[in-house]
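> In full-length UniProt numbering, the protein residues as written are 1 to 167.
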Amino acid sequence: MPKPSSTVDQLSWSFQPFSALTLQQLYDLLHVRCQVFIAEQVAFQDLDYKDQDAWHLLGRDAQGVLQAYVRVLPPGLAYAEPSIGRVAVMQAMRGTGAGWELMRHAMAETDRLWPGSAIRIGAQAYLQKFYEGCGFEVVSEPYLEDGIAHLTMLYPGKSQAVESAAL
Numbered sequence: 001m002p003k004p005s006s007t008v009d010q011l012s013w014s015f016q017p018f019s020a021l022t023l024q025q026l027y028d029l030l031h032v033r034c035q036v037f038i039a040e041q042v043a044f045q046d047l048d049y050k051d052q053d054a055w056h057l058l059g060r061d062a063q064g065v066l067q068a069y070v071r072v073l074p075p076g077l078a079y080a081e082p083s084i085g086r087v088a089v090m091q092a093m094r095g096t097g098a099g100w101e102l103m104r105h106a107m108a109e110t111d112r113l114w115p116g117s118a119i120r121i122g123a124q125a126y127l128q129k130f131y132e133g134c135g136f137e138v139v140s141e142p143y144l145e146d147g148i149a150h151l152t153m154l155y156p157g158k159s160q161a162v163e164s165a166a167l
């Protein structure tokens, strides 16, 4: 993953389960998701009743404004493996490395919660190269979800990568 810019170095990160979110944090993350997935992409119904079982990673700038967000789903909720989704970076932060840094933190937290586990995502197809840069591999043919082309992608996980290297 590329080195983040100094702007991204100024983001502070918090990671907690739904039950630990404050009302302000919940409002902020829903605002970011609505801005990215509904206002910009006119994509889908965002609220799917998976948030309550998810962990939430929030990246705030020096003024405390939420600029980057992702949710981490436990194994068995979306896929057999843990999953990272609702990856959102506010438009003003795009191109600064914030997305890379967001994924680096999300993958590290996922590995902390489920050590060595693979991570499966449903990625918007136009972001394939970005996720490949994070170590994910395409494992499906393209499919439409909410009218947007997607790909299922898999990060093999540290224990599986070590096993493959030993073979």
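Idealized CB from N, CA, C, for every residue including glycine. Keep in mind that this is a model prediction, so the values were computed, not measured.
Keeping to the same chain, check which residues put their C-beta closer than 7 Å to that of G135; ignore five residues upstream and five downstream.
Within the same chain, Y155 come within 7 Å of G135 by CB-CB distance, once the 5 residues on both sides are set aside.
> Go through its chain and collect everything with a Cβ distance to G157's Cβ below 6 Å, but skip five positions before and after it.
G116, S117 and A118
> Under a Cβ-count criterion, where at least 16 other Cβ atoms within 10 Å of its own Cβ denotes burial, should I84 be classed as buried or exposed?
buried
> As a quick exercise: from P17, Q63, A68 and G99, pick the residue whose alpha carbon is nearest that of G133.
G99
> Could you pull the start and end residues of the beta strand (DSSP E) that M93 belongs to?
Counting along the chain, M93 falls outside any beta strand (DSSP E), and DSSP gives it neither H nor E.
> Compute the distance between the beta-carbons of L57 and F18, then report whether it is under 8 Å.
If you check the CB distance, L57 and F18 do not come in under 8 Å.
> Tell me whether the beta-carbon of L11 lies closer than 8 Å to the beta-carbon of A68.
yes
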